[in-house]
Structure formats: C-alpha cells, structure tokens
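Read top to bottom, the protein sequences are chains B and U.
In this text, residue positions in the first sequence follow our numbering: the first is 1354, and each later residue adds one.
In this text, residue positions in the second sequence follow our numbering: the first is 9, and each later residue adds one.
Accompanying notes for the structure given below.
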Amino acid sequence: MKYKFVSKAKMPSPAEIKSTMNFGKVVANSKVLAGAKITSAVLKGTAAVKSAVVSTVSVAVVATSTYVVYPELFQKTTPEPEIMTETPFVIPADTVATEEPVVVDSSGVQPSVLADTLSSVPAATNIRSNKKIPRQSPTQNDNHLVDKNILIRASPLPDTDALMSHIHSQLKYPIQHLGDSIQGYVKLLFKVNEEGQTENFKVLESLGKAFDSEAIRVIRSYKKWRPASYNGKPQEGFFQIDIKFEIK
Amino acid sequence: MTKTKYSELTEIELIEKSKEDKTYFKPLYEKYYEQIFRLVFARVQDVELTGEITSEAFSKTLANIHKFEYKGYPFSAWITRIAINCCYDYFRAKQKNRMVSLENYTTHDIAFEIELEENDKELWLTLLPDILEKLKPKDLELVEMRFFEGKSFAEIAFILDITEGNAKTRTYRVLKRMKKLFRQGTR
C-alpha cells in the first residue's frame, strides 16, 4: 500500500495554520541545518503521528475457477499439487436486494455453484513453490494419507454464511433503477492478496453501472478474509461471486 | 536613504538581505506559510505534523538561501520543491503512506480528461483506490499539482526536477493509463 485514501480532505482553518507558525524555531533550526548535516527533527521521531485517516480500501482473497480469465496460468503449469480437498469450493451465492424493508426471499435463491477447478490459482502458486519447495512424499498420519503440498483457497472469515449475511444486510437495490424492474446477477471476480485484502475487482457480468458499483461496494466493505495458502504460506488467490439483485 | 521597512523591499531584495540577516526572511515566511502549509496538509492530513514538516521545510530554505538565484522561477516554487521533498523524506523515514483525497478525483477537470459520464461517477469512485495504487508517487504528484493545485507545467517541472516537456508528456500518459485501468475495471 503506497497510499492511504480519505474520501474527503480536511480543510485546516487559517487560525489553526497561524497557530503552528513559529519563526524563531525556523531560524534556530536553519542555523543547525546550516552548521552540520544532521537529520531533521521531524524524522528523529518527535512527531506523534496521529493516524487520522480512514482507509477506504478493503481487502479480500478468494479462490475461483479462473480458466477463462487466466488461461496463461495453465500453459505454464508444472505438475499440479495434489490437494486434499474433498469437495469443490462452493458458494451458495446469492443475496436478494429488496426494495421494501428488507425481506429475504430465500426461495428465490438459486445457489450458483462456482465449480472450483482446483487447478488455476493453485497452478500459479505451484510455479513459484516448485522452485523452492522440494516435493515431499505423502506421510502417514492418523490413518489418513496426507500430502504435504496443500493448497487452501481464500475464503471469507469466519465462514461463507457470514459473508452471505453481510451481503444480505448491506446490499441495497439502486434507487434510481426501481422503476426499471431490473433483476439478475452481477458476477464479480476479485483478488485476495497475501494479507487478506481484496483488490482488482472485475465485473464479469454486468447489470448496469449502478448495480456493479453497489456489488463492489458491498464486497469491499467485508474485510475479513483468509488468504489462500500453499503449504501454509499465504498466496494470492481469486474469488468469484454472484450477487443477485431482485425486486420483491 | 536606506530602506528599512520590510514592506518597501521587493521579494528579491528581501531574499538578498536574508542571505546576510535572517530576520529579513520573516516577511517571506509569513507570506508563504499558509500556501506551503496547505500543500503539505493535503499530503499528510494532520495539523500538528504538517506544522512540523512545514517548519522543517522553511528551516531548510533559510539554511540554503544563499544558494537561491533568481532563474525565472518564483521563490514559492523553490520552497514548494523543498517542502515536497521534506514530505517524501518523512514518508520514507517513518514508513507512512501519503494521503490521497478521493473527492478531488471527481472534479470537473479530471472527469473531463478521463471522459467520465455523469452516471460513471459512482463506479469511478469505487474503483479509484485500486487505480491510484498502481501509479507511482511522482505520477500522482503530477496529476494532483496540475489539476487540483492548478500549477503550470513549467512550475511542476521545476518542483519535480524534470523538464517541462517531460512533465506534459507524463501527465497525459498517466491520465491515459488511469482511463485504461478504469475501462478494464468496468469491463
């Protein structure tokens, strides 16, 4: 993170600015600076830095099927890690935005399954990992065969249900489109980096600008993500999700 | 008759006199303090800290004032250059991040350059952090100084120590890049 973002800059009042003026100090410091090349007083650590800033960037990490989006990963792929995952990662994806005081229509929810092909992102991690980590042979543990090359996908914390209920509570149908009776999905793909922060949002299927930005806003506002990991090391991962807008 | 009052002296005379006697720097200090303070504040967003960095910048200015020669750039540009370098010294030494106000990026000029339409604005604001994160600090400075602080390319070039042509080229290249990133994001 190179920058911190604030949505609106504060404006100091002229009185506040005046109160920080101190010509005597400037003259005194300038003599010191002119005399010897020493590091500045500010840098010496006298400044108590208040972080009066709200970062507007949230982070998320998710693993998804990236066959289409990142075909090049496949071409570079060396032997895939054997992964001890029993079921593909599934997101029962949808939340419903209602225009009336929020009533969730669970019957209308079509679970969209993100068939997680366990290869795409893992493949990327594998390229890196293979250079450093020699492949280890499976070890016997509690009568289960455990392979050491383990990839864990990025996922929301504490679980997917929490993300779903977060979306339920936060998602609002864009007011300006209330008359248009638009319904459907916004499909989002985004990256969850090693620190568990979401970035690089891509709209794979759009419903319109207002819907897209609402969907991105809601996902951004969810800050708890566990990054993908390969053999215990955090990795970048991708996460795909469908967000359903519905008028009830 | 010798001129004794500050107000009777021109800026250049004041600078010349400051080289001998530091008290002559005071009117210059008072004249430019607010301008520099606001400049630093935009990047730091903290009154106390800004005060220290600004004061630091003026100290450096005064310590090196004998090096200043009038070469067609205003004295304020020289102080600005010192102040901006002080800011980045600070960010580097303290591992702090430069503050960026997103609100500015929806202003008319930028919206025009990026060719934003009215209904794009919300999405633009949403994607903005990701886009800006990809820009180098110097490129960000170029855009902010040109569009939010309204400086001329010649002045920006002097402040950032690049040529005027380069400042111009880079600014529009950055805008083009932001536009491209935005289109990618909305695809």
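All C-beta atoms, glycine included, are put in the ideal place defined by N, C-alpha and C.
- In the same chain as L1557(B), and ignoring 5 residues on each side of it, the C-beta atoms closer than 6 Å to its own belong to K1540 and L1542, in chain order.
- Take L36(U), set aside five residues on each side of it, and the residues of its chain with a beta-carbon closer than 8 Å to its own are E19, L22, I23, S26 and F83, in chain order.
- Between the alpha carbons of L140(U) and E1599(B) lies a gap of roughly 33 Å.
- By DSSP's assignment, V1359(B) forms a beta bridge with S109(U).
- C-alpha of E64(U) to C-alpha of S1559(B): approximately 51 Å in a straight line.
- Proximity to Q53(U) across S109(U), Y78(U) and K75(U) peaks at S109(U), based on C-alpha coordinates.
- Contacts with chain B at 9 Å (Cβ-Cβ) do not include E21(U).
- With 16 or more neighbouring CB atoms inside 10 Å of its own CB, A1568(B) falls in the buried class.
- Scanning the segment 1503-1572 of chain B from its first residue to its last, the whole beta strand (DSSP E) runs of 3-plus residues come out as 1537-1545 and 1551-1558.
- Annotation: S26(U) has no Cβ neighbours in chain B at a cutoff of 9 Å; minimum Cβ distance is about 10 Å.
- Within the DSSP bridge table, the entry for G1590(B) names V1545(B) as partners.
- Residue pairing for F1598(B): DSSP places it in a beta bridge opposite G1537(B).
- Spanning the alpha carbons of R1506(B) and K142(U) requires a straight line of approximately 25 Å.
- For Y1583(B), there is no enclosing alpha helix (DSSP H); the residue is part of the beta strand (DSSP E) that begins and ends at A1581 to Y1583.
- Against chain U, the CB of I1569(B) has a partner CB under 9 Å away; the residue lies at that interface.
- Ranked by Cα distance from G1532(B), the first of N1546(B), K1601(B) and A1368(B) is K1601(B).
- Per DSSP, the continuous alpha helix (DSSP H) segment holding N174(U) begins and ends at E172 to T194.
- Per DSSP, W132(U) has no beta-bridge partner at all.
- Annotation note: the segment 62-122 of chain U contains the following uninterrupted alpha helix (DSSP H) runs of length 4 or greater, listed N- to C-terminal: 83-102 and 116-122.
- Per DSSP, E126(U) is not a residue of any alpha helix (DSSP H), being assigned neither H nor E.
- Those residues of the segment 39-67 of chain U placed with their C-beta closer than 8 Å to a C-beta in chain B are Y41, E42, F45, R46, F49, A50, Q53, D54, V55, E56, L57, T58, G59, E60, I61, T62, S63, E64, F66 and S67, ordered along the chain.
- Only those residues of the segment 84-110 of chain U whose C-beta falls short of 8 Å from the nearest C-beta of chain B are listed: C94, D97, Y98, A101, K102, K104, N105, R106, M107, V108, S109 and L110.
- Relative to the Cα of E1369(B), the nearest Cα in the group E28(U), G59(U) and V48(U) belongs to G59(U).
- Fewer than three Cβ pairs drawn from the segment 85-95 of chain U and the segment 118-127 of chain U lie within less than 8 Å of each other, which leaves the two stretches out of contact.
- S1508(B) and Q1550(B) have their alpha carbons spaced roughly 11 Å apart.
- The segment 125-138 of chain U and the segment 162-174 of chain U do not touch, with fewer than 3 CB-CB distances between them shorter than 8 Å.
- For Q43(U), the enclosing alpha helix (DSSP H) starts and ends at K34 to V52.
- Excluding sequence positions up to five before and after T194(U), its CB lies within less than 7 Å of the CB of L131, all in the same chain and listed in chain order.
- The C-alpha of T62(U) lies about 25 Å from the C-alpha of Y113(U).
- For G193(U), the C-beta contacts it makes with chain B under 8 Å involve F1554, K1555 and V1556, in order along the chain.
- DSSP places M1364(B) in no alpha helix (DSSP H); its state is neither H nor E.
- C-alpha of I164(U) to C-alpha of Q43(U): approximately 15 Å in a straight line.
- Your pair L1510(B) and K1577(B) checks out as a contact, with CB atoms roughly 4 Å apart and the cut at 8 Å.
- Interface criterion not met: the Cβ of L1560(B) is under 9 Å from no Cβ in chain U.
- The beta carbon of D117(U) does not come within 9 Å of any beta carbon belonging to chain B, so the residue lies off that interface.
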